[in-house]
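Sequential numbering from 8 applies to the sequence shown in the numbering used here. See structure below.
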Amino acid sequence: MEAWRRALNDPVSAFPIVKAGPAHVATLKTFDPPLRALEGRRLAGAERRAKRLLFPTEDGELLVLVHLMTAGRLRFLQFGEKGPKTPAFRLVFEGGSQLVLTEAGAKKRAGVWLLTPEEAEEELAHLGPEALGLGSERLAEICGGESRRLHSMLRDQRVIAGIGRAWANEILHHAKLSPYELTREVSPDEVERLAEAIDSELSRGLELRERGANDKRTYRVHNKLGEPCYVCGTPIAQVDFEEHTIYYCPECQTGGRVLKDRRLSRLLR
Ligand SMILES: [Zn+2]
8 MEAWRRALND PVSAFPIVKA GPAHVATLKT FDPPLRALEG RRLAGAERRA
58 KRLLFPTEDG ELLVLVHLMT AGRLRFLQFG EKGPKTPAFR LVFEGGSQLV
108 LTEAGAKKRA GVWLLTPEEA EEELAHLGPE ALGLGSERLA EICGGESRRL
158 HSMLRDQRVI AGIGRAWANE ILHHAKLSPY ELTREVSPDE VERLAEAIDS
208 ELSRGLELRE RGANDKRTYR VHNKLGEPCY VCGTPIAQVD FEEHTIYYCP
258 ECQTGGRVLK DRRLSRLLR
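This is the structure:
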């Protein structure tokens, strides 16, 4: 997301908006103020809060919030550049450049909100502190206040904003910590490692994304079932859940133990 933000910051603020919309009925989540309220205004740039991209207007009166979910993509098209026929959302700028949101698949899950600054504040209030640059002191407090497994805590945007399922896998592997370790049981040394892993993995991801790397090249553990661990060569293992999959190295992270899906083993018992 940070890579998107950096790439969009200058182009979206170069010219005022001449046409806002159309938007897919499932994509646009707000109707008041109407999209056309954006027309004639200039965006101040692109900001980011966790996985949301924010485009405030220069006059400070409105803010476009975009959540891409998993399949949404934002593209900035120069004048004359060929784009999708029916994007889920579109902003046209003076001079003919466009910001378009597309989403693969029939299910429209990505969202666009047009908000006042007060509404935006409310919308974002439930998010935890940003993951990048969190630091071990703050992380120790957070771990102490939670009673759950590390993987689940890292993914919870209300606790720490900005880590998805894939990066939770990458970060825990880098920190050599079990995804199942309980938050209250992490030692000070482990908190240090986890804080360092959050920064170094998210920075690594950012750098690769900015160079245009795809998922396959960016991730080293996530989605790599059976492939050799990049540290020790042990095949990467996984635990499946309905909504996500944990990938981990049994040698580096769990002392050789294989993690079980507790819900599944309960059913089989
Ligand atoms: Zn390993």
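Backbone N, C-alpha and C fix where the C-beta goes; we use that ideal spot for every residue, glycine too. Remember, it's a predicted structure, so these values are computed and weren't measured experimentally.
It is roughly 38 Å from the alpha-carbon of GLY79 to the alpha-carbon of GLY263. By the criterion of a C-beta distance shorter than 7 Å, HIS251 is surrounded in its chain by ARG172, once the five residues flanking it on both sides are discounted. In the three-state DSSP reduction, THR64 falls in the strand class (E or B). For VAL25, the CB contacts under 6 Å within the same chain, skipping 5 residues up- and downstream, are VAL99 and GLU101 in chain order. Shown here for GLU46: same chain residues with a beta carbon closer than 7 Å to its own, the five before and five after excluded, namely ILE24, VAL25, LYS26 and ALA27 in chain order. A straight-line Cα-Cα distance of about 17 Å links GLY151 and ILE205.
Secondary structure remark: continuous beta strand (DSSP E) runs of at least 3 residues inside the segment 86 to 154, in chain order: 96 to 100, 105 to 110 and 118 to 122.
A straight line joining the alpha-carbon of ALA111 with that of PRO195 spans about 43 Å. About 32 Å separates the beta carbons of ARG216 and LEU189, which is beyond the 8 Å limit, so they are not a contact pair. Taken through DSSP and simplified to helix, strand or coil, ASP39 comes out as coil. In the three-state reduction of the DSSP assignment, ASP247 falls in the strand class. Within 10 angstroms of the beta-carbon of THR109 lie 16 or more other beta-carbons, which makes it buried. By the neighbour-count definition (other C-beta atoms within 10 Å, threshold 16), THR64 is a buried residue. Around the C-beta of VAL32, fewer than 16 other C-beta atoms lie within 10 Å, and the residue is accordingly described as exposed. DSSP, read as helix, strand or coil, puts HIS31 in coil.
Between the segment 36 to 54 and the segment 242 to 249, the count of Cβ pairs shorter than 8 Å is below three; the stretches do not touch. ALA53 is positioned such that its CB atom lies closer than 7 Å to that of LEU15. Between LEU209 and LEU139, the C-beta gap is smaller than 7 Å, which places the two residues in contact.
Counting along the chain, the unbroken beta strand (DSSP E) around ILE253 starts and ends at 252 to 255. Sequence-distant Cβ neighbours of SER207 in its own chain, meaning closer than 7 Å and more than five residues away, are HIS181. Taken in chain order, the complete alpha helix (DSSP H) segments of 4 residues or longer contained in the segment 159 to 239 are 172 to 181, 195 to 217 and 222 to 225. For ligand 1, a non-hydrogen atom lies closer than 6 Å to the CB of VAL238.
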